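Participant: For what it's worth, my numbering labels the leading residue of the sequence shown as 129, then goes sequentially. Below is one structure. I have some questions about it.
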Amino acid sequence: MSPEFARKLFAQSCDFVCGAPAVENLPPQTLPEVAFVGRSNVGKSSLLNALVNRRTLARVSNTPGRTREINFFRLGDALMLVDLPGYGYARASKSLAAEWQRQITGYLTARANLRRVVLLIDARRGIMPIDREAMALLDRAAVSYVPVLTKTDKLKATERAEITASVAAEAQTHAAAYPEIVATSAEKGDGIDALRQHLAALARP
Ligand code: GDP
Numbered sequence: 129m130s131p132e133f134a135r136k137l138f139a140q141s142c143d144f145v146c147g148a149p150a151v152e153n154l155p156p157q158t159l160p161e162v163a164f165v166g167r168s169n170v171g172k173s174s175l176l177n178a179l180v181n182r183r184t185l186a187r188v189s190n191t192p193g194r195t196r197e198i199n200f201f202r203l204g205d206a207l208m209l210v211d212l213p214g215y216g217y218a219r220a221s222k223s224l225a226a227e228w229q230r231q232i233t234g235y236l237t238a239r240a241n242l243r244r245v246v247l248l249i250d251a252r253r254g255i256m257p258i259d260r261e262a263m264a265l266l267d268r269a270a271v272s273y274v275p276v277l278t279k280t281d282k283l284k285a286t287e288r289a290e291i292t293a294s295v296a297a298e299a300q301t302h303a304a305a306y307p308e309i310v311a312t313s314a315e316k317g318d319g320i321d322a323l324r325q326h327l328a329a330l331a332r333p
């Protein structure tokens, strides 16, 4: 996908469509869809904001009452961006909550138009046990997902290269994981264009 197409796509207006607390409330499948998921605090809101170049977009998703909802944002007439609830909320939670798994599995199996899941991994931590559970859930649902590192600005170049290689190697052992990963920093802008290009290839032309 040309960088020019990706840039134009992500320069379009991005508007909040709705928040769905349950599968019954999902909006009609009018556009190809990509969903973002990760541990809470992984940097999901910051990354969404960086992608669409708005400071406040994903703030919607972080307002009280909406954090457990599946939030839909329409990018022009080309792509639906879906902000899934984060996992591992409680500080002590080492496993995916049953309720979260039900909600996410319900979403994944209901959306024929879902093109890819963006699985966010904190670059400082790498893939944690709870992320592995999320990967296993995505493997079972047979949904294509791309691991994306966040907050790479917090690492030195050598550490960044190491973690990128190890996450990519682990992703290759998962049936549904996309073979290439993207390393990003919402703060510095690194990898944002690369991720835009990855997603633009899935958008309605
Ligand atoms: P969410 O809970 O996954 O939506 O995470 P947020 O986007 O709210 O970010 C969680 C924390 O990480 C906030 O304090 C952000 O400022 C910080 N953060 C997010 N992205 C980056 C990044 O690219 N670099 C750095 N250094 N911090 C980040």
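Ideal Cβ placement from N, Cα and C applies to all residues, glycine included. These numbers were taken from a predicted model, which means no experiment stands behind them.
1. CB of residue 172 to nearest heavy atom of the ligand GDP: below 7 angstroms?
2. Does residue 152 pass the burial test, meaning 16 or more other C-beta atoms within 10 Å, or should it be called exposed?
3. Keeping to the same chain, check which residues put their C-beta closer than 7 angstroms to that of residue 229; ignore five residues upstream and five downstream.
4. Consider the C-beta atom of residue 281 and the heavy atoms of the ligand GDP; say whether any pair is separated by less than 7 angstroms.
5. So, using beta-carbon positions, are residue 170 and residue 142 closer together than 8 angstroms?
6. For residue 149 and residue 196, what's the separation of their Cα atoms in angstroms?
7. Are the CB atoms of residue 268 and residue 160 nearer to each other than 8 angstroms?
8. Quick one: measure Cβ to Cβ for residue 255 and residue 166, integer angstroms, because I've assumed they're closer than 8 angstroms.
Facilitator: Reading from the atomic positions:
1. As a working mapping, residue 172 is identified with position 44 in the sequence shown. Yes; taking the cut-off as 7 angstroms, the Cβ of residue 172 has a heavy atom of the ligand GDP nearer than that.
2. By one-based count along the sequence shown, residue 152 stands at place 24. With fewer than 16 other Cβ atoms within 10 Å, it is exposed.
3. Here residue 229 refers to the residue found at position 101 when the sequence shown is read from its first residue. Exclusion of the five residues before and after residue 229 leaves 265 as the residues of its chain whose Cβ lies within less than 7 angstroms of its Cβ.
4. Counting from one through the sequence shown, the residue named residue 281 turns up at place 153. Checking the 7 angstroms criterion, the Cβ of residue 281 is within range of a heavy atom belonging to the ligand GDP.
5. Along the sequence shown, one-based indexing puts residue 170 at 42. Along the sequence shown, one-based indexing puts residue 142 at 14. Result no, Cβ atoms of residue 170 and residue 142 do not sit closer than 8 angstroms.
6. In the sequence shown, counting from the first residue as 1, residue 149 sits at position 21. In the sequence shown, counting from the first residue as 1, residue 196 sits at position 68. So the alpha carbons of these two residues sit roughly 7 angstroms apart.
7. As a position in the sequence shown, residue 268 is number 140, starting the count at 1. As a position in the sequence shown, residue 160 is number 32, starting the count at 1. No, Cβ-Cβ distance for residue 268 and residue 160 is not below 8 angstroms.
8. Walking along the sequence shown from the start, residue 255 turns up at place 127. Walking along the sequence shown from the start, residue 166 turns up at place 38. So it is not a contact: roughly 11 angstroms between Cβ atoms.
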